[in-house]
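The next block holds one structure in the form of structure tokens; read it before the comments.
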Amino acid sequence: MTSAVSFQKVSRHFGTVRAVDAVDLDIVPGEFFAMLGPSGSGKTTCLRLIAGFEQPTAGSISIFGERAEGVPPYRRNVNTVFQDYALFPHLNILDNVAYGLMVKGVGKAERHKAAEDALALVRLPGYGERRPGQLSGGQRQRVALARALVNQPKVLLLDEPLGALDLKLRENMQEELKSLQKALGITFIFVTHDQGEALSMADRVAVFNDGKIMQVGTPQDIYERPATRFVADFVGSSNVLPPDFVQRYSGQRRWGSLRPEAIRVGKATRGDGVSARLVSANYLGATTRLALDADGLRLHAVVPAGTKLPEEGEALVLTFNRDQLHLMDEPA
Amino acid sequence: MRSDRNQKTPLGLKIAAGLGLIFLHAPILLIFVYAFTTEEKSYQWPPPGLTTQWFAVTWNRPDVWEALSLSVRVAAISTAIAVVLGTLCAAAVSRSKFFGRETVSLLVILPIALPGIITGIALRSAFALTDIPFSFWTIILGHATFCVVVVYNNAVARFRRTSGSMIEASMDLGADGFQTFRYVVLPNIATALLAGGMLAFALSFDEVIVTTFTAGQQQTLPIWMLEELIRPRQRPVTNVVAMVVVLVTLLPILLAYYLTRDGDQIAGSGK
């Protein structure tokens, strides 16, 4: 099957900076794909390479089987929702949404009809006469979405789509984007630095660091079976365990990861396990996050709300199921 | 020191401000009065009598029409050149990063900071050196040097206020370079260009110093007026022309002021 977007050894260098470095990537048609990574990791450059705002220094990109290098943005069947929405302030909402059809020469009545439909799709019917300045951030985001979708792109790119919204709105938009993607069946590729957002929305996630992809997989893969220390630390804030520690419990000298919720915290008097002391406790609402010191190794554990918390500095014993301990690919 | 709205302005300050304004503007009114005087050889106060005959006399003087037409053509073409070059330069400086960008920006603004006489002498010696005969086009070249600055300044300020991703968004939605300029860039900078163009037109229309150095035998309207003042015949004609110049330059400047006053108009709080 043809990939929606395929990268073969794609690099984009800015002078000596390797923004994207020999990246291989295949995105399946109809999938909701997340590019996750800290700022400067190359994820946005990858998105801009797909959109056509950047050209690769080396390697080849194809979009639904067609070579994309040298094809200008306006000849790609790909649309972008920009981080700052980039609505046109001199046009009203309807003309903003109809813009893509207007430049393609679609007649006024037809394109306005299509724009109305797109606005209804993002639940902003009847907002056509307003100006971008009269809308809230969340509404502008929906307009940007409608403006991209009205062109019926094969791939929709979203650059930090929820970055500027407040928490409640973010959660609503996450669900809405997800159901929209399911209903339309378009390939969505979105860039985010928020691991929660990537895990909750995407079918598959690529974790970026230093211009390279560290791991590609389903959210479960990424979260439960991180390939490298970076992924374990960046996604889900897992405990990264050094080879010496891992050897004691698994027999293998490898780096390991252990999710905070897999650790059980008990009184020092009970049975064997890892002895540790409580450093601090962070109340997070539904859970409490404990920072623990196990003989110089800093570990985090998460306990449900309502658990009786130990005293700070109290000696504790940590236990976990051996099968929860994940061995990473990264060599010791 | 901070100005307090509730504090009463001292009477002395009010009088001083009033006197200052009178000092600035009364002489202009005087010009208007002399356009109606019956005395044609000297400026006599008070005017011995009032008449409107000078408007008819001015209307029938071919040299006035020649000078006026030259000035309008020079101003129009200089402004057109300035709008194109100023916009391109502003776009380059505000849209891309390149070596020497700040220097280019400074060099473009320099002609308006330099005294006109320097620009004039420099251009005159450059024309002489390259054997370019003085003509209509040398006047335009001289005027364009400072007209470009006005348009550039207006355009740069507007470019800074418009979001860069708008151009990318337009391309992304299928518009090529020309369509993006036509439908996105131009509407967003149009009022700035209009304002800059009007200021440029007004500057060019009453320019004297650079023109004296770059014109051959031709007379633009301001130069014609200077010459006319020396001659003791039909003096009020000069005043009639002066009134016209004031109106022709004041209106575009006022309009330009109103166009750029609403800073947020383009940023989106639509009406």
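Just so you know, the protein sequences line up as chains A and B, in that order.
First residue of the first sequence: 1, per my numbering; consecutive thereafter.
First residue of the second sequence: 1001, per my numbering; consecutive thereafter.
The C-beta atom is built at its ideal place from N, Cα and C for all residues, glycine as well.
Listed by chain order, chain A residues near residue i by CB distance under 8 Å
| i | result |
| --- | --- |
| B:L1259 | Simply none; closest approach about 14 Å. |
| B:A1173 | In the sequence on display, residue 1173 of chain B carries Leu and not Ala. The contacting residues are Y74, N79, Y99, G100, V103, R147, A148 and N151. |
| B:P1010 | Simply none; closest approach about 43 Å. |
| B:L1063 | Note on identity: in this sequence residue 1063 of chain B is Asp, with Leu being the wrong assignment. Correct list: empty, because the minimum Cβ distance to chain A is about 46 Å. |
DSSP three-state assignment for residue i, whether helix, strand or coil
| i | result |
| --- | --- |
| B:P1027 | helix |
| A:V90 | Per the sequence presented here, residue 90 of chain A reads as His, with Val not at that position. Looking at A:H90 - three-state DSSP - the assignment turns out to be coil, as it is neither helix nor strand. |
| A:F7 | strand |
| B:S1042 | coil |
| A:L201 | The amino acid occupying residue 201 of chain A in the given sequence is Met; Leu does not appear at that position. If DSSP states are grouped into helix, strand and coil, A:M201 belongs with the helices. |
| B:G1270 | The predicted model places B:G1270 with a pLDDT of 31, which falls under 50 and marks its position as unreliable; any figure quoted below should be read in that light. If DSSP states are grouped into helix, strand and coil, B:G1270 belongs with coil. |
| B:M1001 | In this predicted model, B:M1001 has a pLDDT of only 49, less than 50, meaning its place in the structure is not dependable; the value taken from the coordinates is given anyway. In this structure, B:M1001 counts as coil in the three-state DSSP scheme. |
| A:S257 | strand |
| A:L278 | strand |
| A:S60 | strand |
| A:E312 | coil |
| A:Q252 | coil |
| A:A68 | coil |
| A:F33 | strand |
| B:L1019 | helix |
| B:K1014 | helix |
| A:N209 | strand |
| A:N321 | coil |
| A:Y283 | strand |
| B:L1110 | helix |
| B:G1177 | helix |
| A:N77 | coil |
| A:G133 | helix |
Boundaries of the beta strand (DSSP E) in which residue i is found, first to last residue
| i | result |
| --- | --- |
| B:T1145 | No beta strand (DSSP E) holds B:T1145; the alpha helix (DSSP H) holding it covers F1136 to R1161. |
| A:P304 | L297 to P304 |
| A:G266 | R264 to K267 |
| A:G334 | Any property of residue 334 of chain A remains undetermined from this structure, which presents chain A solely from 1 to 332. |
| A:V17 | V17 to I27 |
| A:L121 | It is not in any beta strand (DSSP E) - A:L121 instead sits in the alpha helix (DSSP H) that spans K108 to L121. |
| A:L157 | V155 to D159 |
9 Å Cβ cut-off: residues of chain B touching residue i
| i | result |
| --- | --- |
| A:H13 | Chain B residues near A:H13: none, gap ~17 Å exceeds 9 Å. |
| A:A86 | S1163, G1164, S1165, M1166, I1167, E1168, A1169, S1170 and D1172 |
| A:F32 | The premise fails here: A:F32 is roughly 20 Å from chain B at the closest Cβ pair, so nothing lies under 9 Å. |
Option nearest residue i by Cα separation, candidates the options
| i | options | result |
| --- | --- | --- |
| A:Q8 | A:V20, A:D95 and A:M1 | A:V20 |
| A:F64 | A:R111, A:R18 and A:V155 | A:V155 |
| A:P29 | A:P38, A:S6 and A:S41 | A:S6 |
| B:T1138 | B:V1074, B:A1157 and B:G1116 | B:V1074 |
| B:S1094 | B:F1159, B:V1064 and B:I1022 | B:F1159 |
| B:V1185 | B:R1161, B:D1206, B:A1195 and B:I1132 | B:R1161 |
| B:I1167 | B:I1189, B:W1224 and B:T1220 | B:I1189 |
| A:H112 | A:K104, A:A98, A:V71 and A:P125 | A:A98 |
| A:F234 | A:G196, A:R253, A:G266 and A:I50 | A:G196 |
| B:T1052 | B:W1045, B:I1121, B:Y1043 and B:E1039 | B:E1039 |
| A:L36 | A:G100, A:G256 and A:A198 | A:A198 |
| B:Q1218 | B:L1068, B:F1032, B:R1233 and B:T1079 | B:L1068 |
| A:R229 | A:G256, A:D244, A:F245 and A:D203 | A:G256 |
| A:S60 | A:E31, A:L299 and A:A22 | A:A22 |
| A:P56 | A:T80, A:A301, A:L101 and A:F14 | A:F14 |
| A:R204 | A:D210, A:I189, A:D194 and A:Q134 | A:I189 |
| B:N1060 | B:M1225, B:V1237 and B:L1254 | B:V1237 |
| A:I93 | A:K108, A:G128, A:A86 and A:V71 | A:G128 |
Start and end residues, alpha helix (DSSP H) containing residue i
| i | result |
| --- | --- |
| B:F1055 | Q1053 to W1059 |
| B:A1091 | P1062 to R1095 |
| B:T1191 | L1186 to F1205 |
| A:N172 | L167 to L184 |
| A:L49 | K43 to A51 |
| B:I1118 | G1116 to L1129 |
Interface residues of chain A facing residue i [CB-CB closer than 7 Å]
| i | result |
| --- | --- |
| B:V1184 | F88 |
| B:Q1179 | V103 |
| B:P1187 | H90 |
| B:D1176 | Y74 |
Under 9 Å from the C-beta of residue i: neighbouring residues of chain A
| i | result |
| --- | --- |
| B:N1154 | Those do not exist, as B:N1154 stays about 17 Å from chain A at its closest Cβ, beyond 9 Å. |
Residues that residue i contacts on chain B, provided the C-beta gap is smaller than 7 Å
| i | result |
| --- | --- |
| A:A51 | D1172 |
| A:F230 | In chain order: nothing, as chain B lies at least about 30 Å away. |
Proximal residues of chain B, C-beta to C-beta of residue i below 8 Å
| i | result |
| --- | --- |
| A:F7 | The premise fails here: A:F7 is roughly 19 Å from chain B at the closest Cβ pair, so nothing lies under 8 Å. |
| A:F64 | Going along chain B, no residue has its Cβ under 8 Å from A:F64, so there is no contact; the nearest lies around 17 Å. |
Check: residue i C-beta below 8 Å from any heavy atom of the ligand MN
| i | result |
| --- | --- |
| B:V1093 | For the ligand MN, the structure offers nothing, since it holds no ligand at all. |
**OP:** Could you list the residues in the stretch 175-200 of chain A with a C-beta less than 9 Å from some C-beta on chain B, going in chain order?
**Re:** none
Original post:
Name the residues in the stretch 1112-1129 of chain B whose C-beta lies less than 7 Å from a C-beta of chain A; which are they?
Top reply: none
**OP:** Return the residues of the stretch 1194-1209 of chain B that lie within a Cβ-Cβ distance of less than 9 Å from chain A, sorted by chain order.
**Re:** none
Original post:
When Cβ atoms are compared, which residues of the stretch 307-322 of chain A fall closer than 8 Å to chain B?
Top reply: So nothing in the stretch comes that close.
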